[in-house]
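In structure tokens form, the structure reads like this:
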């Protein structure tokens, strides 16, 4: 969901999509879907001589599963992190504000829970 | 996602994971990028030679699809230096290319014991 939203905000930007088969295609991001399938417009292949069959292809649909990289314009990204998603399994501590929790209430609740409540 | 490709009359190019290039008219697709291609043909390219091998009505399983591109009818599909040859001719060229790459592969294997860094 996160990357889907991110790519939706990137629609209209020039990107270069590098595929797992090493083909790299530059174009304008037209649309993206939940599978991160990508539709590019006004496309041209990076190494045109190596891929003659792609000469007249101007718009294409790229299956999300075959994408290796999506290269973004250098200033096209707001790198200041305002909101982020953190995978639970990598968290060591969550530091709470001192008055964030009523520790006595928590302690009682834990005792009840341990007793089988 | 591919809805616009259904509406367009033009031909499309489908790149498959095994490197094959299919061309034809998109008749149907689904959320897995499974596709039905009418009047399909495989464009085989070896060096500067190419051949279109007719296939008929094809159902392509989505997991094999890399890219689906619109072939712009106003542009040349291939660079002007490419020569169209017969099916037997291109199959022969493919065989030569395959044998050359296999030879390169076996030679590399024989050199591997030398343990170059």
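Residue numbers (this note's numbering), protein chains in the order written: chain V, 1 to 117; chain Z, 1001 to 1117. Yeah, the Cβ is synthetic: ideal placement off N, Cα and C, and Gly gets one too. These figures come from a predicted structure and were not determined experimentally.
- Inclusion of residue 1039 of chain Z and residue 1015 of chain Z in the CB contact set at 9 Å is not warranted, their separation being larger than that value.
- In chain order, 1036 place their CB closer than 6 Å to the CB of residue 1059 of chain Z, counting only its own chain and leaving out the 5 sequence neighbours on each side.
- Along the region 1050–1085 of chain Z, the beta strand (DSSP E) occurs as fully enclosed runs of 3 or more residues at 1065–1071, listed in sequence order.
- Short of 8 Å from the beta carbon of residue 1089 of chain Z, and not among the five residues preceding or following it, lie these beta carbons of its own chain, in chain order: 1049 and 1051.
- Rounded to the nearest whole angstrom, the C-alpha separation of residue 1100 of chain Z and residue 71 of chain V is 34 Å.
- A Cβ-Cβ separation of about 16 Å leaves residue 1019 of chain Z out of contact with residue 1041 of chain Z under the 8 Å criterion.
- At a cut-off of 9 Å between C-beta atoms, residue 1111 of chain Z does not count as an interface residue with respect to chain V.
- Straight across, the Cα-Cα distance linking residue 37 of chain V with residue 51 of chain V is about 21 Å.
- Only residues of its own chain outside the window of five on either side were considered, and among them 1070, 1071 and 1073 have a CB closer than 7 Å to the CB of residue 1010 of chain Z, listed in chain order.
- Chain-ordered, the chain V residues with CB closer than 8 Å to the CB of residue 1075 of chain Z read 55, 56 and 58.
- Counting only the Cα atoms, residue 91 of chain V lies some 24 Å from residue 6 of chain V.
- In this structure, the alpha-carbon of residue 31 of chain V lies about 9 Å from that of residue 61 of chain V.
- Per DSSP, reduced to three states, the secondary structure at residue 5 of chain V is helical.
- DSSP places residue 101 of chain V outside both helix and strand once states are collapsed to three, so it counts as coil.
- The beta carbon of residue 1072 of chain Z falls within 9 Å of a beta carbon belonging to chain V, placing the residue at that interface.
- The Cβ neighbour count for residue 107 of chain V, taken over all protein chains shown within 10 Å, is under 16; the residue is labelled exposed.
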